[in-house]
Amino acid sequence: MALYKAIFKLSGGSQIKAVSGHVPEAFFDSVKKLNADNLILVQQGRFVLSNEVHELLDEPNAYNVYASVILDFPEGEEKSDAFKWKALEKVKQSNYARPLASNINYEIFILEYVDPSFDDD
445 MALYKAIFKL SGGSQIKAVS GHVPEAFFDS VKKLNADNLI LVQQGRFVLS NEVHELLDEP
505 NAYNVYASVI LDFPEGEEKS DAFKWKALEK VKQSNYARPL ASNINYEIFI LEYVDPSFDD
565 D
């Protein structure tokens, strides 16, 4: 098994832009509307914002927001349909977003599910 990061492009542009690191409710509405075609990048291991990744994410004269999830999946299977569906399922189950990277034309968030019944008091 290997760890992968799957990055999806969300619709909504600047309307779902985070304010002070907090995403609006419309952000999660956009996440719920994702489909497998919105998966634009898969990286094994840690997220690396290389020049190639930056060029993929950065669209001049546009603002984009991306959602990322971490998956444990069999090594070499990241191009399979099963991987896409598992990544899509995981991103849609998320309820918490943390900033991962930002630029003048885009933001990337790592999404995860946080149990709302958990009380740390």
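Count along the sequence shown from 1, then add 444; that gives the number in the working numbering.
Ideal placement from N, C-alpha and C gives every residue a C-beta, glycine not left out.
Remember, it's a predicted structure, so these values are computed and weren't measured experimentally.
Check	Outcome
Residue ranges of each beta strand (DSSP E) within the segment 516-558, 3 or longer	540-547, 550-556
Paired residues, beta bridge with Ser-464 - DSSP	For Ser-464, which the question treats as bridged, DSSP gives no partner whatsoever.
Within 8 angstroms, strictly: CB atoms of Lys-530 and Leu-515	yes
Which of helix, strand or coil DSSP assigns to Leu-501	helix
CB-CB length for Glu-519 against Ala-470, believed under 8 angstroms	Rounded, the Cβ-Cβ distance is 36 angstroms, inconsistent with contact.
Where Val-444 sits in the DSSP three-state scheme	Because the chain spans 445 through 565 in this model, residue 444 falls outside it and cannot be assessed.
Length of the line joining the Cα atoms of Phe-562 and Ile-460	27 angstroms
Per DSSP, cross-strand counterpart(s) of Phe-452	Leu-483, Ala-511
Per-residue DSSP class, three states only, for Ala-470	helix
Exposed unless 16 or more other CB atoms sit within 10 angstroms - verdict on Glu-496	exposed
Under 8 angstroms between C-beta atoms of Ala-462 and Val-513	no
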